[in-house]
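Heads up, the thing below is written out as structure tokens.
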Amino acid sequence: MDKKIVILGYMGSGKSAVGQKLSELTKLKLVDLDRYIEGKEGMVISEIFQQKGEIWFRKKEREYLEFLLAQKDAFILSLGGGTPCFGNTMEYLQKSDVITIYLKASVITLTQRLSKEKSHRPLLASLTNVDLEEFIRKHLFERNFYYMQAQKVISVDDRSVEDIASEILQKAIG
Ligand code: S3P
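Residue numbers (my numbering): 577 to 750.
Here is the structure:
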């Protein structure tokens, strides 16, 4: 496998877990963009949002994305949920050595997963008196425009990480 595999999707769609499994199966290195940014900046994402603001974060996110994709070797990269949705990032990702994979989860699945872990997600933690399902429905509707530009779209509802990873390997890469 000689391509960089870029995994994208909404928060809670399983990008990190699927990336991990793909990395095990392919022996390619996994880079999780959020963790990479945290390491470089010496702050967790929620601190970056609080101290520097979202616009600063988006700028850095794009810079680190470009830096990582400038590497020659193949690897697996799981993006943050918002990475594809700012500037021309989806266009930028249409590169010959990159394959983009959208992990598509339903609003119901995402709501179930995210309701348990709102606190460390900066975009959700501040939502008070807002119906989470309604928020996700609208937000996902806006973001789907970007996500659907991925080369491969993989449904993830009610499926195991192993199952999703093997579909990616068979259909998208194999
Ligand atoms: C974000 C998703 C997060 C992280 C940041 C913003 C978003 O990544 O990059 O909190 O805009 O959806 P995960 O999708 O890995 O949670």
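For each residue, glycine too, the CB sits at the ideal point set by N, CA and C. In this text, all values refer to a predicted model and were calculated from it rather than measured experimentally.
- Contact between L686 and L700 is ruled out by a C-beta separation of about 11 angstroms, above the 8 angstroms threshold.
- Distances from the CA of L653 to each of F662, Q596, H696 and Q627 were compared; the closest alpha carbon is that of Q596.
- Given a length threshold of 4 residues, each whole run of the alpha helix (DSSP H) inside the region 595 to 629 is given here in chain order: 609 to 617 and 621 to 628.
- Of the candidates L601, K628 and G656, the residue whose Cα lies closest to the Cα of M587 is G656.
- Secondary structure in the region 652 to 719: the alpha helix (DSSP H) runs of 4 residues or longer, each lying completely within the stretch, are 665 to 668, 683 to 691 and 698 to 701 in chain order.
- When the Cα atoms are used, S682 and I613 turn out to be separated by approximately 28 angstroms.
- In this structure the region 718 to 733 does not lie against the region 642 to 649, because fewer than three pairs of beta carbons, one per stretch, are closer than 8 angstroms.
- Pairing Y668 with K580, the inter-Cα distance amounts to about 14 angstroms.
- Per DSSP, I730 lies in no alpha helix (DSSP H); the unbroken beta strand (DSSP E) holding it starts and ends at K728 to S731.
- The three-state secondary structure of K580, taken from DSSP, is strand.
- Per the C-alpha coordinates, the member of P698, V737 and A726 positioned closest to Q626 is P698.
- In chain order, the residues positioned with their C-beta nearer than 5 angstroms to some heavy atom of the ligand S3P are M587, D610, I621, G656, G657, G658 and P698.
- Restricting attention to V582, D578, L584 and S589, the CA atom closest to the CA of V737 is found in S589.
- DSSP places Y723 in the helix class (H, G or I) of the three-state scheme.
- Secondary structure at Q746: helix, using DSSP grouped into helix, strand and coil.
- DSSP places K648 in the coil class of the three-state scheme, outside both helix and strand.
- With a 10 Å radius around the Cβ and a threshold of 16 neighbouring Cβ atoms, M666 comes out buried.
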